[in-house]
Amino acid sequence: MRIMRQLAFTLGLPVILIVIWWLATLGSTSFFVPQPAQLAAELVNVWLGPRLLEDVVPSVVRLIAGLALAIVVGIALGLTLGTVRWLRRLTEPLFEFLRAIPATILVPVLLLIIGINDTMKIAVIVFGCVWPILLNTIEGARAVDQVLTDTAKIYGLNGLRRVRALVLRSATPQIMVGIRQSLSIGLILMVISELFASTNGIGFAIVQFQRLYQIPEMWSGIVVLGLLGLGLSAVFRLIQARVLFWYYGSREGTGDGA
Amino acid sequence: MVLEDMESQARTAGGVPLLSVQKLKKTYSTPGGDVEAVADLSFELREGEFACLVGPSGSGKTTLLKCIAGLLEPTSGTVTLAGKRVNGPTKGMAVVFQEYGRSLFPWMTTRGNVELPLKNQKVPAAARNSVVDEALEAVGLGHVGKSYPWQLSGGMQQRVAIARAIASRPKVLLMDEPFAAVDAQTRADLEDLVREVWRRLGVTILFITHDIDESVYLGERVIVLSSSPTVIQQDLAIDLPDARDQLETRNLPRFAELRTRIYEEIQIAKRGTPAA
Amino acid sequence: MHTVSDAPHMPRSRRVRKPSARGASVALGIVGILVFLILWQSASIFGWVNSKYLPTATDVLTMLGVQLGEGRFWVAVGETLRAWSIGLAISLVAGTVLGLVIGSSRFLRRATHSTIEFLRPIPSVGLIPLAVILFGIKLEGVLLLVVYACFWIILIQVLYGVADVDKVAEDTAKSLGLGTFARVRHLVWPTLLPYLVTGFRLAATVALVLAITAELVIGAPGLGSEVANARSSNAITKMYALVLASGVIGVLVNLGARAIERRLLFWHASVLREVSA
Chain A
1 MRIMRQLAFT LGLPVILIVI WWLATLGSTS FFVPQPAQLA AELVNVWLGP
51 RLLEDVVPSV VRLIAGLALA IVVGIALGLT LGTVRWLRRL TEPLFEFLRA
101 IPATILVPVL LLIIGINDTM KIAVIVFGCV WPILLNTIEG ARAVDQVLTD
151 TAKIYGLNGL RRVRALVLRS ATPQIMVGIR QSLSIGLILM VISELFASTN
201 GIGFAIVQFQ RLYQIPEMWS GIVVLGLLGL GLSAVFRLIQ ARVLFWYYGS
251 REGTGDGA
Chain B
1 MVLEDMESQA RTAGGVPLLS VQKLKKTYST PGGDVEAVAD LSFELREGEF
51 ACLVGPSGSG KTTLLKCIAG LLEPTSGTVT LAGKRVNGPT KGMAVVFQEY
101 GRSLFPWMTT RGNVELPLKN QKVPAAARNS VVDEALEAVG LGHVGKSYPW
151 QLSGGMQQRV AIARAIASRP KVLLMDEPFA AVDAQTRADL EDLVREVWRR
201 LGVTILFITH DIDESVYLGE RVIVLSSSPT VIQQDLAIDL PDARDQLETR
251 NLPRFAELRT RIYEEIQIAK RGTPAA
Chain C
1 MHTVSDAPHM PRSRRVRKPS ARGASVALGI VGILVFLILW QSASIFGWVN
51 SKYLPTATDV LTMLGVQLGE GRFWVAVGET LRAWSIGLAI SLVAGTVLGL
101 VIGSSRFLRR ATHSTIEFLR PIPSVGLIPL AVILFGIKLE GVLLLVVYAC
151 FWIILIQVLY GVADVDKVAE DTAKSLGLGT FARVRHLVWP TLLPYLVTGF
201 RLAATVALVL AITAELVIGA PGLGSEVANA RSSNAITKMY ALVLASGVIG
251 VLVNLGARAI ERRLLFWHAS VLREVSA
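Protein chains in written order, with the numbering used here: chain A, 1 to 258; chain B, 1 to 276; chain C, 1 to 277.
This is the structure we're talking about:
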């Protein structure tokens, strides 16, 4: 019974909205708004066909590559800056400025320097996504529990080993927060870089449809983007639950821990 | 057995003090001016001694402990362990903190936590495993090796911290109000556990507490600290029988005398000595 | 261990530094910026990057100075800020109102949860083609993008804020006969305010990014389209200068939002911390 109620809540509003949409477009041949059945058909026709390989895969690959690079650079740099105080002070104002530059506006710049290729698109994604990861890593590295740090020192955990075994582990919850933020930024940059100058990709396809006034197809592309965003969040949540099992466990706890 | 080596270690070197604190002074500079937390403190611990440190709140007990452990640099004065000057955290000193929840690594299992000092000492895996087993047995937690600290109760977590300290095979075990955050019944169990560990292993223990009864029950010697700026106010020998029992010992008339004496000292300490 | 939270964005705590240490950090910070500029200059002069594509730092900074004197520049900035402020305002109002309505009813919260979670991750920029078709290069197109993204940010923050209202206090208020409006004013609003203000800070940055992005791609008037124009007319140095200018505006918006946050929430003890770029 509870499952039925949960299902009703989850599907209720969406179903109502779809019904309203269907009713509103019944018999209309509006240029801008396709009918639900039409949109669903386009989704399948357009995106489950060859476009899956030609457009979706390259887009996703670029996004993942950019994110992965941003994560590695962000964490490495963040741990360094989080533990070495003078380095952090050195770079703080500079980074405050650099991260305030909207990453999308760098697309024309990178287009110029790197050219129209995958490297450019991945570079854009990295430049945009590294900031939340970097800043959250720094915060996490700075906020390691003092008692834990004292314990580590007493038992001989020092230097690089301490950074890996204590600082990185302790900062992981905060780092995950940063990574989650970078997911949405990455998606945006993936699309923008493809709108601008690309020969394939989801963003490229959407723009093509728009230029050719193929509206239902265009909408289907937007839906695909939404699904991609959802997919990313879902995968991220799974990974997060795995990696942070100890964090969630310790927060629920027996209520006894100090 | 590996842990028993510690006992034989303790029996060598007869009357030479193991831990020597000389003229220790620690001053903090705050925006409001200098605060002298610890002023001119000196004492010595023999090998295998169990000494308790009591003092009123704010008497710099934790500052003192951190200086001894090498976590804080004293403004002046020295701390010497087995003849060598302490300049930073050294192998040979283990600490059990009050906040057990914050001193155990939550992403490691109990075994992982207890094993930590051994890994850092580069002890090979086989030897590590047996030391960890023994340490966990010694604190009565042989069965929770695979659990995570946050799955255990407060008392058990503190036992894990004690096991870890034991596993590191220290010369001196520093304990900073370790049972203050635990309920009374668990505290009684843990007190007896510490006494037992001390007798079995012969390790030197410096036990800081604000609980007068606990200090008399546990220690061979109670050092009373004054309030800030902290110096040693009194150094009492506890001449209670070696075999301590929570009920019997605490009911002895001598116990009451000792605790009254210390209580009075604390009252004097609280009234404060005028700043030098 | 301090608590890190997934979703409720809470105001940050400030660290206090001694005056002498602050002086040293400022100096170090300036050194950092100078090192960056020197590296940039060298990259262009020594040809690490083709100087056709990367003008020297000095050239760009000079051009920036020139731009600051040109009316056209300020008109563009004005257009961007206009879109930014209108979009932000609309999102604030819509997000707060809808958030209060949904948040106050358990039924509504559960009913809308799945829809919100589905629509949230849709990147606002995916709507660009739609905006182009509907509005061409008009302001409304930019607003569509800005509002779509910022609305969700504010909505989520408000929902968390309302959910954070102390249940005991709420029951007490109800039993004391306080009407809905009084309850909102004395109980919900103070609890909600920190979340809302932090949402404002986050949305302010996102709004700026999206406004500029929309202008860049769609061609609506503003800083973004100036950058696009500069590129297509091969005024490379000008393009770089405008990019720097957008960074400066970004920093100002960021600092301004944080200042407002501090002002409004000076009394709020921050327990949860989150840092966002």
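Glycine included, each C-beta is placed from N, C-alpha and C at the ideal position.
Return the bridge partner residues of residue i from the DSSP annotation.
i      : result
B:T27  : B:E36
B:A51  : B:L206 and B:R221
B:F43  : B:V21
B:K84  : B:L81
B:D176 : B:I208
B:M309 : It is not possible to answer for residue 309 of chain B, since the shown part of chain B is limited to 1 through 276.
B:S215 : DSSP lists no partner for B:S215.
B:S76  : B:K25
List the endpoints of the continuous alpha helix (DSSP H) containing residue i.
i      : result
C:S91  : G71 to G103
B:L65  : K61 to A69
A:V235 : I215 to V243
C:M63  : A57 to L68
B:K122 : Where B:K122 is concerned, there is no enclosing alpha helix (DSSP H), given that its DSSP letter is neither H nor E.
A:S59  : V57 to T83
C:L134 : I128 to F135
B:I268 : P253 to R271
A:V19  : R2 to T25
B:M108 : Careful: B:M108 lies outside any alpha helix (DSSP H) and carries neither H nor E.
B:H143 : Unbroken run through B:H143: none, as it is neither H nor E.
C:K167 : K167 to S175
A:F204 : I202 to R211
C:S246 : I236 to L264
Since residue i and residue j should fall inside the 8 Å C-beta cutoff, what is the C-beta to C-beta distance between them, to a whole number of angstroms?
i      : j      : result
C:F266 : C:L92  : Wrong, their Cβ atoms sit about 21 Å apart, outside the cutoff.
A:L39  : A:W219 : 6 Å
B:L118 : B:V131 : 6 Å
A:I105 : C:V243 : 5 Å
A:S182 : A:L67  : 7 Å
A:W21  : C:L28  : About 57 Å; that fails the 8 Å criterion.
B:T186 : B:G142 : Not quite, the Cβ-Cβ distance comes to about 18 Å (not below 8 Å), so this is no contact.
A:V144 : A:V163 : So it is not a contact: roughly 10 Å between Cβ atoms.
A:T149 : A:G78  : A:T149 to A:G78, Cβ: 17 Å. No contact.
A:G226 : A:I206 : Contact flag wrong, Cβ pair sits at about 12 Å.
A:Q174 : A:G140 : 3 Å
C:A207 : C:L88  : 5 Å
B:L64  : B:V231 : In fact, because the Cβ distance is near 11 Å, the residues do not count as touching under 8 Å.
A:F236 : A:R169 : About 19 Å; that fails the 8 Å criterion.
Return the chain-ordered list of same chain residues with a C-beta closer than 7 Å to the C-beta of residue i, the five sequence neighbours on each side being excluded.
i      : result
A:V33  : T25
C:L187 : V165, A169, E170 and A173
B:T209 : C52, V54, E177 and S215
A:T10  : none
For the beta strand (DSSP E) containing residue i, list its first residue and its last residue.
i      : result
B:I280 : Outside the displayed span of chain B (1 to 276) sits residue 280 of chain B, for which this structure offers no information.
B:I232 : I232 to A237
C:A220 : C:A220 -> no beta strand (DSSP E), and no H or E assigned at all.
Using a Cβ-Cβ cutoff of less than 6 Å, which residues in the same chain neighbour residue i once the five nearest sequence positions on both sides are dropped?
i      : result
A:G203 : V191, E194 and L195
B:Q234 : V224 and E265
A:Q240 : M176
A:M1   : none
B:V172 : L19, M93 and T204
B:V123 : none
A:Q210 : M218
A:W131 : R99
B:T80  : S20
Enumerate in chain order the residues of its own chain whose CB-to-CB distance from residue i is below 8 Å, with the five nearest sequence positions on each side excluded.
i      : result
B:F105 : G112, N113, L116 and P149
C:I154 : S91, L92, A94, G95, T96, G99, L196, G199, F200 and A203
B:P74  : L24, K25, K26, V38 and C67
A:V224 : L43, W47, V56 and I202
A:Y247 : T172 and P173
A:T91  : L81
C:A230 : I236, K238, M239 and L242
Chain-ordered residues of the region 148 to 159 of chain A with a beta carbon less than 7 Å from chain F: Of the protein chains in the structure, A, B and C, none is chain F.
Uninterrupted alpha helix (DSSP H) stretches inside the region 144 to 181 of chain A (no shorter than 4 residues): Complete alpha helix (DSSP H) runs here, min 4: 146 to 154 and 159 to 162.
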